[in-house]
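Note that the protein sequences, when read in sequence, are chains A and B.
To get the numbering used here, take the position in the first sequence, counting from 1, and add 65.
To get the numbering used here, take the position in the second sequence, counting from 1, and add 65.
Just so it is clear, CB atoms sit at the ideal spot from N, CA and C, and this is done for glycine as well.
Since the structure is predicted, the reported quantities are computational estimates derived from the model, not experimental observations.
There are 2 protein chains.
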Amino acid sequence: MSVTIEDIAKEAQVSVATVSRVINNSKAVSPELKKRVNDVIQKRNFKPNSLARGLITNQTNIIGIIVPDISNPVFGALTRGINSFCQQKGYTLMVCESGGQQEKEVELLGVLADKKVDGVLFAGVDVNSALVGEMKRQGYPIVLVTQEASEGEDIIHTVTHDNVKAVYDAVSFLIENGHQKIAFIGGPENDYSSGQKRLKGYRLALKEHNIEVPVSYIEHGNFSFDSGYDCMRKIYEENSALPTAVMACNDVMAIGAIRFLKTAKVSVPADISIMGFDDLEFGKYFSPELTTVRISYFDEGLKAIKTLFKLIHHNQQAIPKTQFVPHKIIRRISVRKI
Amino acid sequence: MSVTIEDIAKEAQVSVATVSRVINNSKAVSPELKKRVNDVIQKRNFKPNSLARGLITNQTNIIGIIVPDISNPVFGALTRGINSFCQQKGYTLMVCESGGQQEKEVELLGVLADKKVDGVLFAGVDVNSALVGEMKRQGYPIVLVTQEASEGEDIIHTVTHDNVKAVYDAVSFLIENGHQKIAFIGGPENDYSSGQKRLKGYRLALKEHNIEVPVSYIEHGNFSFDSGYDCMRKIYEENSALPTAVMACNDVMAIGAIRFLKTAKVSVPADISIMGFDDLEFGKYFSPELTTVRISYFDEGLKAIKTLFKLIHHNQQAIPKTQFVPHKIIRRISVRKI
DNA sequence: TTGTAGGCGTTATCAG
DNA sequence: CTGATAACGCCTACAA
């Protein structure tokens with residue numbers, strides 16, 4: 066058994082209440098008693114039991130986070146951003162993985178409630194009404210990161226990046242560089258933020274420049290290398306008029322696409338330019354180095370946790386329902402001017 | 066306030082003890098009462114407060130893990146392996162990042178004690194006597210993952226891969242493929258497991274084949290792309306007799322090395338073969354695809370958490386102090402036979 | 001098989 | 001400023 070507040074009180078010859086006060090700095094305690102208590106605490110290496118404490122204060126200093134897959138660099142960076150803030154605030158992070166499965170997500174929402182976390186950060190794929198309902202009935206504040214709710218975007222606080230605008234900017238960049246025949250390798254169609262929204266940004270940019278494109282220019286992958294490869298292959302095979310540029314909706318698919326082109330003896334960027342998305346670290350290790358749109362997932366995590374803290378501490382100032390972290394086009398080699 | 070065991074008891078017209086019994090299946094309860102209680106629990110969506118429970122049972126079903134950086138794919142995979150097991154056992158994971166700083170590591174060890182975790186998994190860099198001492202004085206079981214303690218390897222249970230043997234095998238593989246002039250790009254010299262041990266494996270293999278190598282063939286990086294690049298540059302510049310192969314101690318440095326060689330117009334693998342270490346996912350996306358030694362960090366995490374569970378539950382069977390996860394040479398393109 | 005009551009380690013509310 | 005003492009929500013002897 067570890068040492069309790071009572072042991073300290075006894076040894077310092079004061080009441081437990083006094084000990085509690087010096088621990089929490091909650092009320093004035095005479096300097097001499099304070100010193101006496103602190104000395105004993107020091108000596109006995111006393112640490113208050115956070116369970117007992119949580120039981121009564123109703124807060125645990127634990128933040129929960131639900132991500133599809135922690136080994137995915139995107140969520141790794143996100144988590145690191147979150148953690149950096151938590152650590153400095155004396156909070157600790159409970160990480161849960163959903164595998165992207167909705168029922169698992171629901172379950173985890175409950176698990177975190179069990180653990181009495183003070184709040185949770187949720188990074189899912191499709192935040193639909195079922196999920197939103199589940200979130201509402203938990204007792205804790207929650208903020209979405211990385212994607213907005215498909216079921217009405219003003220229901221839950223969310224921190225993400227502007228997917229429409231980001232892809233719009235990326236495609237505009239391609240257009241500015243002389244490209245007109247621009248193909249698109251997107252995410253799953255049921256992925257609200259990273260799928261549908263990015264497609265929307267693509268369409269918007271084309272429309273604005275009165276560019277029309279055959280349907281065979283648009284393919285949907287699942288963000289994996291292989292799917293990028295396959296999508297590129299389809300585009301290649303189904304179009305006699307090849308595109309001069311491809312907007313791939315993440316770096317991994319972009320690299321898969323480049324790989325296919327390499328096997329097809331199509332040179333990047335000489336023949337076809339490729340634009341990625343995310344700006345993962347290894348994008349610049351490749352050759353050709355990947356031109357891409359950078360999303361700082363670290364910053365996104367940071368902003369999300371800050372928002373969650375405001376919610377937790379009932380910060381008065383109005384908190385916008387959805388906040389964006391800026392994106393940025395990173396010019397490297399895989400896109401060229403024509 | 067959420068619903069308590071007392072509310073349930075009242076509504077089901079039984080005592081709290083009975084409710085507790087059906088929750089925990091701890092003692093026989095007549096079927097009818099059981100049903101009545103369960104119905105109410107269901108209806109009221111009751112979840113026992115894990116703080117209160119932990120306070121008395123002295124266990125939280127929380128496992129702590131300390132890693133240098135969660136956004137590093139190696140620790141991401143490790144964590145995923147750990148989490149996969151925890152989830153199925155109803156445990157939850159608390160992730161802490163140390164940034165590789167020793168004082169932070171010590172602090173985190175304490176934080177996790179505060180949180181009353183049932184055990185912790187520790188992935189550090191240099192587990193020296195100070196750290197070991199700190200570990201011993203915490204109340205929880207602990208197992209090292211990824212590297213052994215530099216301060217005596219039989220002090221703390223550890224699950225890792227055999228760094229000496231792995232590099233020994235990799236270098237032997239190079240030798241079998243006709244290479245004799247083999248350079249080495251290693252980790253930091255103060256890194257016990259991933260630095261010193263891998264170097265040892267390299268030396269062992271060379272010695273066994275009576276191969277001597279100039280000191281200028283050996284460089285120490287820090288596992289980053291840039292350091293791989295720099296080390297390769299030094300080797301290139303300081304040796305008129307270039308090596309025909311280089312053993313890089315992780316994939317990222319291997320890729321950095323390849324990048325340098327590309328700028329120096331040295332072809333891989335035609336002129337120089339490169340061997341990596343880790344087998345990160347993106348190693349096979351590169352060209353040339355990386356030949357490397359695969360360590361399954363997922364499996365390593367899994368084995369570590371299983372070991373920790375044995376410790377936690379005082380499993381009788383003897384648990385070996387240090388366990389290895391197998392490694393495997395993955396033949397791809399970056400190494401060729403000469 | 002069921003219920004009563006004490007206690008886990010803190011904090012918070014009162015008096016003093 | 002300090003000290004009893006009642007919660008917090010649950011588990012577990014002990015009794016019935």
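Legend entry - Distance, A:N89 Cα to A:K108 Cα: Counted from its first residue, the first sequence places residue 108 of chain A at position 43. Counted from its first residue, the first sequence places residue 89 of chain A at position 24. Their Cα atoms are separated by approximately 18 Å.
Inset, instruction - From the DSSP output, read off the bridge partner residues of B:I128. - result: Position 63 of the second sequence, counting from 1, holds the residue named residue 128 of chain B. Partner(s): B:L158, B:G184.
Legend entry - Within chain B, partners of A:T144 - CB distance below 8 Å: The sequence position of residue 144 of chain A within the first sequence is 79, counting from 1. What A:T144 touches in chain B: I135, S136, V160.
Inset, instruction - Could you name the residues of chain A that B:S67 contacts, counting a contact when the two beta carbons are closer than 9 Å? - result: Taking the second sequence and counting its residues from 1, the one referred to as residue 67 of chain B is at position 2. The answer, in chain order, is A178, G204.
Inset, instruction - Examine the Cβ distances between the region 95-110 of chain B and the region 68-87 of chain B and report whether three or more of them are shorter than 8 Å. - result: yes
Legend entry - 7 Å Cβ cutoff, B:K201 in contact with chain A: In the second sequence, counting from the first residue as 1, residue 201 of chain B sits at position 136. By this cut-off, B:K201 is not an interface position.
Legend entry - Buried versus exposed, by CB contacts within 10 Å (16 or more), B:P334: The residue given as residue 334 of chain B occupies position 269 in the second sequence. Buried, by the Cβ-count rule.
Legend entry - Closest by C-alpha distance to A:K181, when choosing among A:E254, A:E303, A:N123: What you label residue 181 of chain A is simply residue 116 of the first sequence in a count that begins at 1. Looking at the Cα atoms, A:N123 is the closest of the given residues.
Legend entry - Proximal residues to B:N228 (C-beta, below 6 Å), its chain only, five neighbours per side dropped: The sequence position of residue 228 of chain B within the second sequence is 163, counting from 1. These residues qualify, in order along the chain: S258, K262, R263.
Inset, instruction - Compare the C-beta of A:Y156 against all C-beta atoms of chain B and say whether one is closer than 7 Å. - result: Here residue 156 of chain A is taken as the residue at index 91 of the first sequence, counted from 1. Output row for A:Y156: interface = no.
Inset, instruction - Indicate whether at least one CB of chain A lies closer than 7 Å to the CB of B:S361. - result: Translated into the one-based positions of the second sequence, residue 361 of chain B becomes position 296. At a cut-off of 7 Å between beta-carbon atoms, B:S361 makes no contact with chain A.
Inset, instruction - Decide yes or no for the touch test of the region 293-313 of chain A against the region 245-259 of chain A: beta carbon pairs closer than 8 Å, at least 3 of them. - result: At 8 Å Cβ cutoff, the stretches touch.
Inset, instruction - List the residues of chain B whose Cβ lies closer than 9 Å to the Cβ of A:G189, in chain order. - result: Taking the first residue of the first sequence as 1, we reach residue 189 of chain A at position 124. What A:G189 touches in chain B: nothing, since even the nearest Cβ is about 17 Å away.
Legend entry - Complete runs of the alpha helix (DSSP H) confined to the region 304-378 of chain B [at least 4 residues]: 316-328, 362-377
Inset, instruction - Could you list the residues in the region 308-324 of chain B with a C-beta less than 7 Å from some C-beta on chain A, going in chain order? - result: I320, R324
Inset, instruction - Consult DSSP for B:V208 and reduce its assignment to one of helix, strand or coil. - result: Your numbering for residue 208 of chain B matches position 143 in the second sequence. Strand.
Inset, instruction - Determine, using beta carbons only, whether A:L116 comes closer than 7 Å to chain B. - result: Here residue 116 of chain A refers to the residue found at position 51 when the first sequence is read from its first residue. At least one chain B Cβ lies under 7 Å of A:L116.
Legend entry - Selection from B:F290, B:V176, B:N255, B:G366 that minimises the alpha carbon distance to B:V190: Position 125 of the second sequence, counting from 1, holds the residue named residue 190 of chain B. Minimum Cα distance to B:V190 is reached at B:N255.
Inset, instruction - List the endpoints of the continuous alpha helix (DSSP H) containing A:A93. - result: The count along the first sequence starts at 1 and reaches residue 93 of chain A at position 28. No alpha helix (DSSP H) contains A:A93, which DSSP labels as neither H nor E.
Inset, instruction - Determine the extent of the beta strand (DSSP E) in which B:Q388 is found, giving its start and end residues. - result: Position 323 of the second sequence, counting from 1, holds the residue named residue 388 of chain B. Counting along the chain, the beta strand (DSSP E) containing B:Q388 begins and ends at 387-390.
Legend entry - Nearest-angstrom Cα separation, counted from B:G366 out to B:I360: Taking the first residue of the second sequence as 1, we reach residue 360 of chain B at position 295. Taking the first residue of the second sequence as 1, we reach residue 366 of chain B at position 301. Each residue's alpha carbon lies about 11 Å from the other.
Inset, instruction - Determine whether the Cβ of A:L120 lies closer than 7 Å to any Cβ atom of chain B. - result: Along the first sequence, one-based indexing puts residue 120 of chain A at 55. Output row for A:L120: interface = yes.
Inset, instruction - Please state whether DSSP places B:V192 in a helix, a strand or coil. - result: Stepping through the second sequence from its first residue, residue 192 of chain B is reached at position 127. Note: B:V192 maps to strand in three-state DSSP.
Inset, instruction - Report the rounded CA-to-CA distance for B:F288 versus B:C314, giving the unit in angstroms. - result: As a working note, residue 288 of chain B is residue 223 in the second sequence. As a working note, residue 314 of chain B is residue 249 in the second sequence. For B:F288 and B:C314, the distance between alpha carbons rounds to 7 Å.
Inset, instruction - Hey, could you find the ends of the alpha helix (DSSP H) B:I240 is sitting in? - result: If you number the second sequence from 1, residue 240 of chain B lands on position 175. According to the DSSP assignment, B:I240 belongs to the alpha helix (DSSP H) that extends over 228-241.
Inset, instruction - Find the nearest neighbour of A:T309 within the set A:V278, A:M318, A:S292, judged by alpha-carbon distance. - result: Here the question's residue 309 of chain A lines up with position 244 in the first sequence. Here the closest residue by C-alpha is A:V278.
Legend entry - Bridge partner(s) assigned by DSSP for B:E284: As a first step, residue 284 of chain B must be located in the second sequence, where it is residue number 219. DSSP lists B:I250 as the bridge partner or partners of B:E284.
Inset, instruction - May I ask which residues mark the beginning and end of the alpha helix (DSSP H) holding A:R263? - result: Position 198 of the first sequence, counted from the start, is the residue given in the question as residue 263 of chain A. 263-273 is the span of the alpha helix (DSSP H), which, as asked, contains A:R263.
Inset, instruction - Look up B:A117 in the DSSP assignment and say whether it is helix, strand or coil. - result: The sequence position of residue 117 of chain B within the second sequence is 52, counting from 1. Three-state DSSP puts B:A117 in a helix.
Legend entry - Whole-angstrom distance between B:E218 and B:Y156, CA atom to CA atom: Residue mapping note: residue 156 of chain B aligns to position 91 of the second sequence, counting from 1. Residue mapping note: residue 218 of chain B aligns to position 153 of the second sequence, counting from 1. Roughly 28 Å between the two C-alpha positions.
Legend entry - 9 Å Cβ cut-off: residues of chain B touching A:G341: Here residue 341 of chain A corresponds to residue number 276 of the first sequence, with the count starting at 1. Simply none; closest approach about 12 Å.
Inset, instruction - On a CA-only basis, which of B:I221, B:V160, B:E199, B:L116 is nearest B:Q167? Give me that one, please. - result: As a position in the second sequence, residue 167 of chain B is number 102, starting the count at 1. Among B:I221, B:V160, B:E199, B:L116, the Cα nearest to that of B:Q167 belongs to B:E199.
Inset, instruction - Grab me the residues of B:K375's own chain with a C-beta within less than 7 Å of its C-beta, minus the 5 sequence neighbours each way, in chain order. - result: For this step, residue 375 of chain B is matched to residue 310 along the second sequence. Taken in chain order, the residues that qualify are I384.
Inset, instruction - List the DSSP bridge partners of B:V224. - result: Along the second sequence, read from residue 1 onward, the residue named residue 224 of chain B stands at position 159. Per DSSP, B:V210, B:Q388.
Legend entry - A:I394 in three-state terms, based on DSSP: Taking the first sequence and counting its residues from 1, one reaches residue 394 of chain A at position 329. If DSSP states are grouped into helix, strand and coil, A:I394 belongs with the strands.
Inset, instruction - Counting only the same chain and skipping the five closest in sequence on each side, list residues whose C-beta sits under 8 Å from that of B:Q78. - result: Working through the second sequence from its first residue, we reach residue 78 of chain B at position 13. Result list for B:Q78: R101, in chain order.
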